[in-house]
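Here's the structure we're looking at; comments come further down.
Residue numbers (my numbering), protein chains in the order written: chain A, 24 to 319; chain B, 547 to 887.
Shown next, in the form of structure tokens:
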């Protein structure tokens, strides 16, 4: 029984981090209808900055600086590159973000090299025992911070003027613009939020039991991409559910990998994508996504 | 481009093995193999408008099917044909799922293929050789072995080893693939693909069988990828799973975007650009400011090449929607009004 409980807690913990990343995809998609393939490189940027700065500044100021800088980078990408593309459809803009990701990732991977950078987080490898269940402190911190960030975002999304502007834009861009919503500001804000979430997620992706940040850390964002798609890429609820589903599935595959040996060692890396394929066969718009209605 | 420059270019490619060393021959072979794969992706993504980020998977199916079947004792020419067919079958199997998705969601779903492919390539050791990969048996058609022989035949005083022979094989295959794809894109199916890309519902209303054409584009594109995979395996002489990863899939996307979406010439130009850039930077890196010696502080040639083509990728989408092909068409004095076809 303790095995199952540990799988669930670990799954929820990494799931909440995935939800954080998936929410980044969803926010950008809602504001601009673009799938942000540059998200992995934003995540790597956040992690790298915290890793480089924590020696001089201490952990928490480094987190603040890393999060702020990543948000700034995201806004720069949005204003300098994406806003310049006007003509040719949302898929083309999504493809542009792939180019941005290639450039940023090469530079970061070169800086990181083959090193594994510790992030200097205060939790280290300490664990908490609750009954028979052993949980790493970093895992609990991941759940708490992710939940707090997501709650803050959802409250702002519901109640602030920015959130209302954003929801109006997601509903219908032209009408929102006519009502005085400044679309540029909305999309820049969405990118900033995505940057903040990416940087926060990077911290917990590199915390115990992972030894630290390396050049492959950005692959985690590619695991959260199925989370966003499973939930429906225009649904905030969907991102949360999708993230938790992916996290629990992955933890279950790792936890019971001796029982599923048929699928091969390391299947956990593929499981999110297989889950996504199954969900998409059943519901092409994702679990909570809105089906696109097309006017001919 | 004018007919004359086409003929000059083709003649240059035919005589190249008599002058170029093995470094450039190998680079050129990679470029030709990539061109075949890129033509396939351009049929699917450029002409039919279905974003595929999983092209590397079909390349892997082609390469590994050939290696496996040829090692099992099938005649190698037959194994190559079977590998191309199997890639087409793999594409056909994906079509029902792909038919339900559009735009960027389709791109993400095809991304799943790359990850699944990597998993299978690393784990199914008995077929794929696992992380170490497998040796590729050389191709043999009617007694002609496309491999280095102890006493290479001399043609006009130049020893013809494996590279030289493969060069002509690749040239023939590339010409045939380009000719076929051009025919497809300029006739009924190509028009139907373009209508699908522009407006799927309108295409259906006009009587284009939507699901069938989307599946056709998928099968055709994966057969091209399979052929490119076989050729790449023959040039590499060893298949390793890392090669067929996410980076390769993005490379192919970059090729068609840089070259020009939806055209055969664009795919070939983009493939040449993306595959030859690392080779050029390796060869002439000493003379360039930012590129460092191996182990030095700057960018390595491979990294520099990725930065350059990432930047070109973004720049092309921002400023040159037709890609290199569109640029050539715009600059060409003979056909000022020629539209990308």
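For every residue, glycine included, the Cβ atom is placed at its ideal position computed from N, Cα and C.
- Kindly say whether residue 581(B), judged by its beta-carbon, lies nearer than 8 Å to any beta-carbon of chain A. no
- Message: Given this structure, state the Cα-to-Cα distance separating residue 760(B) from residue 802(B), to the nearest angstrom.
- Response: 19 Å
- Give the DSSP bridge partners of residue 153(A), in chain order. 156(A)
- Name the chain A residues whose beta carbon is nearer than 8 Å to that of residue 665(B)? 287, 289, 290, 292 and 293
- Buried versus exposed, by CB contacts within 10 Å (16 or more), residue 678(B): exposed
- Task: Let me know the secondary structure DSSP gives residue 58(A) once reduced to three states.
- Result: coil
- Item | Cβ separation of residue 785(B) and residue 609(B), assumed to be a contact under 8 Å, to the nearest whole Å | 5 Å
- Message: Classify residue 599(B): buried if its beta carbon has 16 or more other beta carbons within 10 angstroms, exposed otherwise.
- Response: buried
- Query: Taking Cβ positions, are residue 646(B) and residue 307(A) nearer each other than 8 Å?
  - Reply: yes
- Message: Would you say residue 661(B) lies against chain A (beta-carbon separation less than 8 Å)?
- Response: yes
- Item | residue 251(A) Cβ short of 7 Å to the ligand GDP heavy atom set | Ligands are entirely absent from the displayed structure, and the ligand GDP is therefore not among its contents.
- Do the segment 792-810 of chain B and the segment 859-869 of chain B meet, that is, are 3 or more Cβ pairs less than 8 Å apart? yes
- Item | Amino acids of chain B, ordered along the chain, whose beta-carbon sits closer than 8 Å to that of residue 296(A) | 657, 658, 661 and 662
- Task: For residue 686(B), write down the residues that DSSP places opposite it in a beta bridge.
- Result: 691(B)
- Query: What's the gap between the Cα of residue 620(B) and the Cα of residue 230(A)?
  - Reply: 51 Å
- Message: Taking 7 Å as the limit between beta carbons, can you name the residues of its chain near residue 77(A), skipping five residues before and five after?
- Response: 85, 142 and 143
- Item | Reference residue 243(A), options 549(B), 589(B), 623(B) and 661(B), closest by Cα | 661(B)
- Item | Interface partners of residue 276(A) on chain B, CB under 8 Å | Chain B residues near residue 276(A): none, gap ~12 Å exceeds 8 Å.
- Which residues, in chain order, does the segment 772-805 of chain B contribute to contact with chain A at a C-beta distance below 7 Å? 796, 799 and 803
- How about residue 148(A) and residue 132(A): are their beta carbons less than 8 Å apart? no
- Message: Can you confirm whether residue 869(B), when its beta carbon is compared against all beta carbons of chain A, has any partner nearer than 8 Å?
- Response: no
- Pull up the distance between the alpha-carbon of residue 635(B) and that of residue 739(B), whole angstroms please. 20 Å
- Query: Since residue 246(A) is in the alpha helix (DSSP H), which residue starts that stretch and which ends it?
  - Reply: 242-254
- Count the other CB atoms, across all protein chains shown, that sit within 10 Å of the CB of residue 202(A); report buried if there are 16 or more and exposed otherwise. exposed
- For chain A, find out if any of its Cβ atoms is closer than 8 Å to the Cβ of residue 561(B); answer yes or no. no
- Message: So residue 70(A) and residue 90(A) are supposed to be a Cβ contact under 8 Å. How far apart are they, rounded?
- Response: Not a contact, Cβ separation roughly 11 Å.
- Message: When you compare the segment 648-666 of chain B with the segment 766-782 of chain B, are there three or more beta-carbon pairs, one atom per stretch, that lie closer than 8 Å?
- Response: no
- Mapping DSSP to helix, strand and coil, what is residue 561(B)? helix
- Residues in its own chain within less than 6 Å of residue 628(B) by CB, not counting five upstream and five downstream? 615
- Item | Span of the alpha helix (DSSP H) around residue 101(A) | 82-103
- Inter-stretch contact at 8 Å, needing at least 3 Cβ pairs: the segment 208-220 of chain A / the segment 187-198 of chain A: yes
- Query: Which class does residue 303(A) belong to by DSSP, given the choice of helix, strand or coil?
  - Reply: helix
- Message: With a threshold of 8 Å, are at least 3 pairs of Cβ atoms found where one atom belongs to the segment 47-55 of chain A and the other to the segment 211-224 of chain A?
- Response: yes
- As assigned by DSSP and simplified to three states, the class of residue 882(B): Bear in mind that the predicted position of residue 882(B) carries a pLDDT of just 45, short of 50, making it too unreliable to give a figure here.
- Keeping to the same chain, check which residues put their C-beta closer than 8 Å to that of residue 552(B); ignore five residues upstream and five downstream. none
- Message: With the cut-off set at 8 Å, would you say residue 104(A) and residue 853(B) are in Cβ contact?
- Response: no
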